[in-house]
Amino acid sequence: MRLNSMCIRCLVDKQQGRIAGFADEEKNTAYMKEIAKIIGESGDEASSAYLVYLFNQVYRRYFGEIKDYTGIKKEYNAYVLEMEDDLYEKILGAEDPLAQSIVYARIGNYIDFGAMQNVEKDVFLKLFEDKGKNRLDRAVYEDFLRDCSEGEKFLLLTDNCGEIVLDKLFL
């Protein structure tokens, strides 16, 4: 996935938020300058995931180890696995099961402890109920269907945590 201006802003904002609690402004400024340099020198094909990998190396040099999300990720894996059968039934009962599964896979992106300031189960559950916000762009969906029917291979890059359960339902 190619970077765009919104993605770059999000990456910078996330790094700024990450260091907001540190009082050493000199260190914070030096860190953000390195982050800006990494982004500025990145090639056209650089992905946000790769840049975050590079950011993490710089973060460790300035601030030490990165927060470990292992426990909370296991918790969300178990939580979404408990929902799987119910969600599968809802997909099968939908007017367009494929479209519904894509909506659910998109909702799974909320469970991103590296990108979101705060991940809450209540908010996550409400996303499944909010029909208005969860519509697919019809033109994009039609393009996707056409591309799938014409393509010889399909590559799905899945995420981690509970997101992967929703990606599995999509498949």
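In this note's numbering, the protein residues as written are 1211 to 1381.
Note that beta-carbon positions come from the ideal geometry of N, C-alpha and C, so glycine has one too.
Predicted model, so just to flag it, every value in this text is computed and none were measured.
Under a 10 Å Cβ-count criterion, residue 1263 is classified as exposed, with fewer than 16 other Cβ atoms of the shown protein chains found around its own Cβ. Take the alpha-carbon of residue 1243 and the one of residue 1222: they are about 10 Å apart.
Taking C-alpha positions only, residue 1220 is separated from residue 1240 by approximately 19 Å. Taken through DSSP and simplified to helix, strand or coil, residue 1279 comes out as coil. Annotation for residue 1320: no alpha helix (DSSP H) segment contains it, and DSSP assigns it neither H nor E. Membership of residue 1335 in the alpha helix (DSSP H) is indicated by the continuous run 1331-1339. Under the 10 Å beta carbon count, residue 1238 is surrounded by 16 or more other beta carbons and is classified as buried. Around the C-beta of residue 1258, 16 or more other C-beta atoms lie within 10 Å, and the residue is accordingly described as buried.
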